[in-house]
Amino acid sequence: MRGHRIEGADKVRGRAPFVDDLREDVLGFTPLIALAVTAPVGSGTIRRIDTDAALRLPGVRAIMTHENAPRLRKVISLSMSEPGVRLPLQSPRIAYAGQVVAVVVAETLMAARQGVAAIALDIEPGPAPVVTLEDADNRLRAVKRAGIGPGRSRKGNADSALAAATVTTDDTFHNAPHHQNPLEPGAVVARWDGDGGVTVHAAVQWHHIDAMMIGQAFGLGWSDGMPGLLRRVIGRSRHESRVRLFNHFSGGAFGRNISYQALLLAPMAARVAGAPVKFVQTRRDTFSLMSHRSEVRQRLRLGAHPDGRLASIVLEPDIAKGNAAFVEPVGEMPFQLYTHDTHRLTSRVAQLDLPGAGWMRGPGVAHAIFALEQGMDRLAARLRMDPLDLRLLNHAGTHPVSGTPWEAKALRGAYAAGAAAIGWRDRPKGGTIRPDGRLTGYGMASAIDLGRQFPATAHVTLTADARAVVSIAVAEMGQGLLTGLTGLVSEMTGLPPDRITLRRQAISEAYAAGSIGSTGTYSNAAAIQDALHRIATRLADRTRKDRASPLFGRKAKRARIEGPDLALADGSRAPLADLLYRHGDQSGSGRAGLTFGASGKAKASFGAVFCEMAVDPVTLEIEVVRLVGAYDCGRVLQPAIAAAQLRGAMIMGLGQALMEETRLDRRTGAWTNAELGEALIPTQADVPHVEVLTVGSGTDDGPLNFKGIAETAIVGVAPAIASAFADATGGLIRSLPMTYVERLRAVSALEPIAQGVASE
Amino acid sequence: MTPPVLRRDGLPLGGEKWIAGGTTLVDLMKLGVERPAGLVDLGARRGELARITEAEGMLTLGAMTTMAEAERDPRIRQRYPAVHLALSLAASPQIREMATLGGNLLQRTRCTFFRDGRSACNKRNPGAGCSAIGNPDEPRALFGASGHCVATYPGDLAVALVALDATLSVEAADGSVRGMAGSDLHRLPGDTPHVETALDPGELITGIHLPLPDWTGQTYVKLRERASYGFASASAAVCVRLEGRTVVAARVALGGVASVPWRCRGVEDWLQGRIADRNTFLQAGRACVSRADPGVGKDAYRQELCARAVTKALLVACNSASDDAV
Ligand SMILES: Cc1cc2nc3c(=O)[nH]c(=O)nc-3n(C[C@H](O)[C@H](O)[C@H](O)COP(=O)(O)OP(=O)(O)OC[C@H]3O[C@@H](n4cnc5c(N)ncnc54)[C@H](O)[C@@H]3O)c2cc1C
Ligand code: SF4
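Protein chains in written order, with the working numbering: chain C, 1376 to 2135; chain A, 157 to 482.
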């Protein structure tokens, strides 16, 4: 079982249904098909939408525009998604290109496509949209907070420390916007029920939060709004809801797997059509109906003492924001990585005419650490120090700002393991010529991400025949959460995995933490553990009074399930299965994470990434020959799944470094390379030898001594790759992705050939 | 708009099209860019058109040969490495198993405004205007563009064929067959960018003829943003004949940067009689782009890339191991 995904066999056999696959046999009805019509321009007002021709087409059943769409109520979007600031089809105003302006509902996909093609839009053009930071100078505003991170912070007087520093760097870095691009384009099925409630089938990342958004938008009452949510989280309630959201597998997510707008558009369309619908996203829709990782520009200045200790970090990020509350939390992590005397963070945010930006693996931190680590390399070069030695010198033994000790930190171990695996200390000098004529380069970088915990609840029943049934509405996006949690429950109870059932799909299951920010497994496991503790206490009370029990008459208060036994604090134990057989089913509701994991200690995950690269000196073609990531993730739960997660995140980091960007047409404001053939992500041929190592052993020896891993692993990859290029060629990378245009710029000052040998 | 009808025999009549592997045509139909009235499936003629035959030193590739079949053929590997590379570096292995050589030659531009199915585009909708002209954010052809269309031809194979002086056999609707130089297949956009080839309606490419190579070296260098499954940002097909260290003849064709596969005749002449060394090839690369349309904005880098592709291809074709080229 270990290493195999619970749902894996069904997935490879094509038996695991995704939302778009759901048919009458599962749904109990056959939905109509709904497709979006989107705005071709990024600003303006709709004068008229001519739907006559489309409505005359055979099979077209209804067309929804801002004129006939149901009015929605304001929603609170805890995930900072677009509907929190802008609800779909409520006004004729166009806020960005690709915005949904109508929905066609038809009997077949073909008819719906024809309907979309037959719709004519008459748009009163607005002022030219502003979609890049380059054009947004007058939209930049200083901010106190950038999303969930700080917009401003300071430690000491960083500017005077910088002025006094012996060695300084000053660079401006740029990260292009790009998309999560999960493989599954996504669909949402909606049907209005007889009691005024709505049944929705979708693949969401945070079940009850997303359901609450639907409940609020359609005004379904308090129990589907914030009070209902609080009752679930704090009161551990599993009440029925009138938003009957069924959560299905999703084919990837990386921050977003279905559009938040689609969760509203499907029920809206079902209401207008008077029949159940399935809203289907086309591939192009996934670029504008879903979020993206936004563009960021960062000026970074570092100042160091003569020995290399950091005297000052001055970071000034300019962050693009779309039509959602979300802002890349760039300033959240960079000051937690290294010991430093002073720092100043001053962020500015520009509201652009783009779809809402959103979460993508390593939000904020992936951008920020790219800049910081490139800065550290520049500093190392100026100090004539080995890049790794500079990092070791500035290693933060305690939290660099608060001074609190770390709960667990094995970054030194990660440096050592990664350096050994790649042969860092014996590496050839940068620019050494390989046998095939290419240049060799090596680079390294540190990785960090916040350690968080989110509130979660779980309802567990241990049955008389020794099975565990866990009600917990978690999301499985392909990351292996079901397998990870099942393994943990098995470990906690001593029951084999095939006797453990996770019930997660219906909204009447217990509130679970979302699969976000690498927190899903930990947060939910903590709630399950709490439920088991409660069961243990009650079971102990009963069995103490049971003459036939080996625990009869024991006084010890604290009882724990320590699979396969029930153990009391005095060391006495009895087999759990026997107790269950004797006392019957035992249930308990658990809860954890209400304080978001706050404790007296600082929490983060760490890693170190090393890269070996070969560069063609003529063409600047690059091959990432080896990529080694060593991560401090505490105890490793499922080695095969952990390795897959880490490797996958590293490959994503490689994509961020080398190719991922979604380009914009500044005249219309539309994403231009909005298809998988043109928005490049790494292929097998790009993926070199990727090696993952894990270090660190967590805090204690309980089942929860592990850390979230999925996000940290993307963080150090891009800077390590950029550093390897600089090592090989001398060309310093400032922009990601480092496509040819950036590589040519980086070397242009160094190479005679780039400046042009006189042509005859 | 009714779904197109698929036929197994006959000729494509008004508004109808041949379909071979379908990898380009069906893609464009899904995007709403191609709207053929009907399709005539060439699969029925695979037996006759998917053969690789040899006569009088000439290798003939049937137009229905798949890219994968041609790429694996040992004669192509050994005698025409430029063709082998142009095929094996194109698209993805899955697409190459399905895609045919004829279809490959006739693939259409990747211009984003052509493909989005709704921006103004003279190629898609003659007379509608061009959304790419004057747009600083999108790549444009460095060679061959007109005031009506600045799109590039994206294919790889055609570039190698132009460098190798390949010819095509074309079958007309009445069954008669004519020959055509490979370099005559694609037409410059001029003021009719929607007319992309010299084929008449209903005409069928039946075969590609590769002349016996008398080059001492040939290759195809493709620079792209990822290692597989990516179109060329710039590419170069190069053939050279060396005597000692002297270039006695050369062919240079560029891909990914021009409205049609682009022969650099001036540079070919210039190379004649030169010593085959790194300096010569650097200059040749530079000379290839010296007459390029000065790119705008971010696009200017593609001239540099193009020059480097040519230099690299010449180095490889002359077998000067790139270690003395550093
Ligand atoms: C994502 C992606 C990436 C790609 N990358 C590359 C790349 O890097 N390099 C590259 O070169 N190509 C690339 N391609 C293009 C690919 O090689 C072509 O799609 C393929 O070769 C077309 O062949 P087909 O047989 O499928 O043509 P079809 O799609 O069947 O036909 C294409 C056109 O040619 C016409 N046609 C076909 N055969 C004949 C014939 N014998 N005579 C007359 N007309 C004919 C059809 O009517 C149609 O108009 C890529 C394609 C995709 C989808
Ligand atoms: S460059 Fe050519 S293909 Fe592109 S929009 Fe203009 S006319 Fe159309």
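Just so you know, even glycine gets a beta-carbon here, dropped at the ideal spot from N, CA and C.
Give a yes or no on whether the minimum CB-CB distance between residue 2135/C and chain A is below 8 angstroms. With a pLDDT of only 31 at residue 2135/C, under 50, the local geometry of the prediction cannot be trusted, and no value is derived from it.
Quick check on the DSSP output: what are the complete alpha helix (DSSP H) runs of length 4 or more inside the segment 1622-1676 of chain C, in order along the chain? Listed in chain order, they are 1635-1648 and 1658-1663.
Below 8 angstroms on the Cβ atoms is my contact criterion, and I expect residue 2081/C with residue 1897/C to pass it. Report the Cβ-Cβ distance as a whole number of Å. 7 angstroms
Taking CB distances under 8 angstroms as the criterion, tell me whether residue 268/A reaches chain B. Going by chain labels, chain B is absent from the structure shown, which instead holds the protein chains C and A.
Interface flag, residue 1655/C vs chain A, CB-CB below 8 angstroms: no
Answer yes or no: the CB of residue 2047/C versus the heavy atoms of ligand 2, is any distance below 7 angstroms? Checking every heavy atom of ligand 2 against the Cβ of residue 2047/C, none is found closer than 7 angstroms.
Below 8 angstroms between beta carbons: does that hold for residue 1714/C and residue 1651/C? no
Is the segment 1987-2003 of chain C in contact with the segment 1624-1642 of chain C, if contact means three or more CB pairs nearer than 8 angstroms? no
Hey, quick one: how far does the alpha helix (DSSP H) through residue 1895/C stretch, first residue to last? Per DSSP, residue 1895/C belongs to the alpha helix (DSSP H) from 1895-1919.
Taking just the CA atoms, how far does residue 1474/C sit from residue 1553/C? 18 angstroms
For a contact defined as C-beta to C-beta under 7 angstroms, what are the partners of residue 2109/C on chain A? Going along chain A, no residue has its Cβ under 7 angstroms from residue 2109/C, so there is no contact; the nearest lies around 14 angstroms.
Excluding the 5 residues preceding and the 5 following residue 329/A in the sequence, name in chain order all residues of the same chain whose CB lies nearer than 6 angstroms to its CB. 167 and 358
Residue environment, residue 1780/C, which counts as buried when at least 16 other CB atoms sit within 10 Å: With fewer than 16 other Cβ atoms within 10 Å, it is exposed.
Look at residue 1605/C and residue 1684/C and say whether their C-beta atoms are less than 8 angstroms apart. No; because the gap between Cβ atoms is not below 8 angstroms, this pair is not in contact.
Find the residues of chain A that neighbour residue 2061/C, judging by a C-beta separation of less than 9 angstroms, and give them in chain order. 382, 383 and 384
What is the DSSP secondary structure of residue 1609/C, reduced to helix, strand or coil? coil
Less than 8 angstroms separating the beta-carbons of residue 291/A and residue 285/A? no
Quick check: the Cα distance between residue 1873/C and residue 1904/C, rounded to an integer number of angstroms? 19 angstroms
I'd like the span of the beta strand (DSSP E) that includes residue 467/A, first residue to last. Premise fails: residue 467/A lies in the alpha helix (DSSP H), 457-473, not in any beta strand (DSSP E).
Applying a beta-carbon distance threshold of less than 9 angstroms, which residues of chain A neighbour residue 2040/C? For residue 2040/C, the C-beta contacts it makes with chain A under 9 angstroms involve 268, 269, 275, 287, 291, 293 and 294, in order along the chain.
Between residue 2031/C and residue 1566/C, what straight-line distance do the alpha-carbon atoms span, to the nearest angstrom? 39 angstroms
With DSSP run on the structure shown, which of helix, strand or coil describes residue 1598/C? helix
Cβ pair residue 1840/C, residue 1740/C closer than 8 angstroms: With contacts defined as CB atoms closer than 8 angstroms, residue 1840/C and residue 1740/C fail to qualify as a contacting pair.
Output, in sequence order along the chain, the residues in the segment 1396-1424 of chain C whose CB is closer than 7 angstroms to any CB in chain A. 1415
Any beta carbon of chain A sitting closer than 8 angstroms to that of residue 2131/C? Residue confidence is low: residue 2131/C scores 38 on pLDDT, short of 50, so the model does not pin down where it sits. Its coordinate-derived value is still stated next. So, interface residue.
Where does residue 1810/C land, buried or exposed, given buried means 16+ other C-beta within 10 angstroms? exposed
Quick one, which residues of the segment 1707-1736 of chain C are near chain A if we go by CB-CB under 7 angstroms, in chain order? none
Taking just the CA atoms, how far does residue 192/A sit from residue 161/A? 9 angstroms
Looking at chain C, which residues of the segment 462-474 of chain A have a Cβ within less than 9 angstroms of any of its Cβ atoms? 463, 464, 465, 467, 468 and 471
Relative to ligand 1, what is the chain-ordered list of residues with a Cβ closer than 5 angstroms to any of its non-hydrogen atoms? 2052/C, 173/A, 174/A, 175/A, 176/A, 177/A, 178/A, 179/A, 180/A, 181/A, 219/A, 246/A, 247/A, 255/A, 256/A, 258/A, 259/A, 260/A, 262/A, 263/A, 311/A, 312/A, 360/A, 361/A and 387/A
Let me check understanding here. Comparing Cα to Cα, which of 1438/C, 1453/C, 1460/C and 1454/C lies closest to residue 1447/C? 1460/C
Flag this pair as touching only if the segment 1681-1697 of chain C and the segment 1530-1548 of chain C have three or more C-beta atom pairs under 8 angstroms; answer yes or no. yes
If the cut is a Cβ gap below 9 angstroms, which residues of chain C does residue 410/A touch? Neighbours of residue 410/A on chain C: none; closest Cβ ~14 angstroms, over 9 angstroms.
From the beta carbon of residue 1484/C, is the nearest beta carbon of chain A less than 8 angstroms away? No, residue 1484/C lies away from the interface with chain A (no Cβ there is under 8 angstroms from its Cβ).
Can you look up residue 1858/C in the DSSP assignment and give me helix, strand or coil? Residue state, collapsed to three classes: helix.
For a cutoff of 8 angstroms on Cβ pairs, would you count residue 424/A as touching chain C? no
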